[in-house]
Amino acid sequence: MGRYRIRVATGAWLFSGSHNCVQLWLVGEHGEAELELQLRPVRGEEEEFVLDIPEDLGTLQFVKLRKQHSLVDDAWFCERITVQSPGTSTETEFPCYRWVQGTGVLSLPEGTARLAGDNALDVFQKHREKEVKERQQIYWLVLPSGTEELQARLEKELQNGSLFEADFILLDGIPANVIRGEKQYLAAPLVMLKMEPNGKLLPMVIQIQPPNPSFPTPTLFLPSDPPLAWLLAKSWVRNSDFQLHQLQYHLLNTHLVAEVIAVATMRCLPGLHPVFKLLVPHIRYTMEINTRARTQLISDGGIFDQPCQLLSQAASTGGGGHVQLLHRAVNKLTYSSLCPPDDLADRGLLGIPSALYAHDALQLWEIIARYVAGIIQLFYQRDDVVSGDPELQAWCREITEVGLCQAQDRGFPLSLQSQAQLCHFLTMCVFTCTAQHGAINQGQLDWYAWVPNAPCTMRMPPPTTKEDVTLATVMGSLPDIRQSCLQMTITWHLGRRQPDMVPLGHHKEEYFSDPKAKAVLSQFQTDLENLEKEITARNKQLDLPYEYLKPSRIENSVTI
3 MGRYRIRVAT GAWLFSGSHN CVQLWLVGEH GEAELELQLR PVRGEEEEFV LDIPEDLGTL
63 QFVKLRKQHS LVDDAWFCER ITVQSPGTST ETEFPCYRWV QGTGVLSLPE GTARLAGDNA
123 LDVFQKHREK EVKERQQIYW LVLPSGTEEL QARLEKELQN GSLFEADFIL LDGIPANVIR
183 GEKQYLAAPL VMLKMEPNGK LLPMVIQIQP PNPSFPTPTL FLPSDPPLAW LLAKSWVRNS
243 DFQLHQLQYH LLNTHLVAEV IAVATMRCLP GLHPVFKLLV PHIRYTMEIN TRARTQLISD
303 GGIFDQPCQL LSQAASTGGG GHVQLLHRAV NKLTYSSLCP PDDLADRGLL GIPSALYAHD
363 ALQLWEIIAR YVAGIIQLFY QRDDVVSGDP ELQAWCREIT EVGLCQAQDR GFPLSLQSQA
423 QLCHFLTMCV FTCTAQHGAI NQGQLDWYAW VPNAPCTMRM PPPTTKEDVT LATVMGSLPD
483 IRQSCLQMTI TWHLGRRQPD MVPLGHHKEE YFSDPKAKAV LSQFQTDLEN LEKEITARNK
543 QLDLPYEYLK PSRIENSVTI
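If you want our numbering, it's the 1-based position in the sequence shown plus 2.
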């Protein structure tokens, strides 16, 4: 009994407020009380109420709310509700951060993160079980077993370096996705590269056509060949790199992997789970943007599906080739390829001064790893607590076995048995959804606006001889004006900064109410600011600054 101070925060998004009346209840260990107030939420405002309640509610457990309407269901975006109980100076937080619709009662639990075994009160355990069950009716995954089912899954749910002036001498930007220390294999061409002492990669041999026992040995193109023949061969390589970049390294390795993480998180982890609270800011808008990709880019008749014979073809993999490429890429997607320390070592790119992506990616990986470890150590003090968490194990299994198509054969874990293993897996999740997508997405206009540097499609068959290549052959092979304009438009649109962009680590939602967890997040932000200063200082000394992994330019989730 006594005086309660209640604050209700409404989001600042467009239409976040509501003209509907909202009813609130406070639920404590000794009972609940319906609040006598008329709340009509206003966009971007926090409303405060002071009420005397005669009942002794005890320690608060939930805030329940129901939005009533007469004529129109006017949705309301509730950010959070905080309550100061009688005789205390601290506030109890009830995070929401969701749209409230309909007339059903929504229960918001007190925001302290809890594992399944930490629920001293049965009421919290029942709440988390009910929440997960309801989410599994909304979010679902299907298990692809072949190309056709992969296509079904993809459709089911809702960047000026000049090729004329440089011979693959830039290690950063878009080419960094597939660069290896000695060799580089692309979709069709085979490119043999040599590493210079200064870290530059120079092509030695280009083989455009794949070997076939039924045909003569394909032509090998060399730097000593006629200039136009060598130029056209390099254009074919860069065309292949365009396909791999957009479909494998961008769509699959960031967008679709992030979606697998997002769906599994929503299906398996209740809102009270610390891993849910850790990941939810990093999956914001991911499913929405992927739905757009499926309906506009890779769907039947979408931009990437235009058949090759159409003049409006936007990609060489049109007419179904993009699905085949994705299917092959899924089979080659390994756990280590998503973890920079392993991936960069495997590609021989560690310790190369000019490999700026490698340097910045490793720095970010270490910062994210410290942040993840700081959070996880608050809740998992021993390895047996990790292995004994049924919600966590279901989440991991769903990512590997269902979302990533039986990926345990490619190094992904089916279960998490230790604190170190959990931290490494979560670091991969956060890095993929933030830094890796930023590195691959931001430079598209920079590297693709000059179309000959990386043509989206080629209009003539690849050359089989060197002597017959003329300027007319080169111009007839490169995209026409319409295709070039489409390439520039798409790469501008996909790589542009969003107006409501949230930088890495600076999300406004407060899912953790524990002061220790908030301190870990604050240190994460400090570490990112220090790296920002370091990269800024380094870039001032460079003729071509590498900006894509500056923390201020990295989005906190995959949103474009």
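Note that beta-carbon positions come from the ideal geometry of N, C-alpha and C, so glycine has one too.
In this text, all values refer to a predicted model and were calculated from it rather than measured experimentally.
When the distance is taken between beta carbons, is residue j closer than 8 Å to residue i?
i: Trp449; j: Thr267; result: no
i: Ala317; j: Gln250; result: no
i: Val24; j: Leu67; result: yes
i: Ala295; j: Leu253; result: yes
i: Asn558; j: His509; result: yes
i: Pro464; j: Gln103; result: no
i: Ile370; j: Val432; result: yes
i: Arg384; j: Arg269; result: no
i: Ile537; j: Asp391; result: no
i: Ala11; j: Glu93; result: no
i: Ala456; j: Arg240; result: yes
i: Ile556; j: Gln500; result: no
i: Leu62; j: Leu28; result: yes
i: Ile140; j: Val262; result: no
i: Gln209; j: Leu222; result: yes
i: Ile300; j: His324; result: yes
i: Pro547; j: Leu533; result: no
i: Val387; j: Ser420; result: no
i: Val282; j: Leu394; result: no
i: Val44; j: Gly19; result: yes
i: Glu531; j: Tyr99; result: no
Compare the Cα-Cα distances from residue i to each of the options and report the closest residue.
i: Leu506; options: Thr466, Ala441, Leu480; result: Ala441
i: Gly273; options: Glu38, Gly104, Tyr513; result: Tyr513
i: Met430; options: Leu41, Pro220, Ala260; result: Ala260
i: Ser486; options: Thr459, Arg499, His508; result: Thr459
i: Leu258; options: Leu340, His275, Glu34; result: Leu340
i: Thr491; options: Val453, Thr436, Arg540; result: Val453
i: Ser2; options: Leu544, Val504, Asp124; result: Within the shown structure, residues of the chain are numbered from 3 to 562, placing residue 2 beyond reach of any answer.
i: Thr475; options: Val332, Val522, Leu327, Leu233; result: Leu233
i: Leu327; options: Phe17, Val74, Glu48, Asn255; result: Asn255
i: Ile483; options: Glu36, Thr472, Ala451; result: Ala451
i: Lys236; options: Ser389, Lys468, Lys135; result: Lys468
i: Glu57; options: Asn333, Arg5, Pro213; result: Arg5
i: Leu280; options: Ala519, Glu31, His329, Glu531; result: Ala519
Using a 10 Å radius around the Cβ and a threshold of 16 neighbouring Cβ atoms, would you call residue i buried or exposed?
i: Trp142; result: exposed
i: Met206; result: exposed
i: Glu184; result: Note that Glu184 scores a pLDDT of 45, beneath 50, so its modelled location is shaky; the value from the coordinates is reported in the next line. The residue in question, Glu184, is exposed, as its Cβ has fewer than 16 Cβ neighbours within 10 Å.
i: Gly106; result: exposed
i: Leu117; result: buried
i: Trp15; result: exposed
i: Phe1; result: The question about residue 1 has no answer here: the residues shown for the chain are numbered 3 through 562.
i: Ser242; result: buried
i: His426; result: buried
i: Ala539; result: exposed
i: Asp502; result: exposed
i: Thr219; result: exposed
i: Val560; result: buried
i: Gln298; result: exposed
i: Leu551; result: buried
i: His32; result: exposed
Taking 7 Å as the limit between beta carbons, can you name the residues of its chain near residue i, skipping five residues before and five after?
i: Thr114; result: Ser515, Asp516
i: His129; result: Ser109, Pro111
i: His21; result: Arg42, Asp76
i: Trp367; result: Pro342, Pro343, Thr429, Phe433
i: Glu133; result: Pro272, Gly273
i: Trp238; result: Pro191, Ile210, Met460, Pro464
Among residues of its own chain, excluding the 5 on either side of residue i, which ones have a beta-carbon nearer than 6 Å to its beta-carbon?
i: Leu496; result: Gln446
i: Phe526; result: Tyr373, Gly507
i: Ile8; result: Phe51, Val85
i: Leu39; result: Phe51
i: Glu95; result: Thr84, Gly113, Ser515
i: Glu48; result: Arg9, Ala11
i: Ala521; result: none
i: Pro97; result: Arg82, Gly113, Tyr513
i: Leu352; result: Leu346
i: Glu36; result: Trp27
i: Phe17; result: none
Counting only C-beta atoms, is residue i closer than 8 Å to chain B at any point?
i: Thr92; result: The chain inventory of the structure shown lacks chain B, comprising one protein chain alone.
Next on the checklist: Could you check whether the stretch 280-292 touches the stretch 478-485, counting it as contact only if at least three pairs of C-beta atoms, one from each stretch, sit closer than 8 Å?
Outcome noted: no
Checklist entry - Does the stretch 334-351 come within contact of the stretch 412-419, defined as at least 3 CB pairs closer than 8 Å? => result yes
Item to check | Three CB pairs or more closer than 8 Å across the stretch 221-229 and the stretch 391-407 | outcome: no
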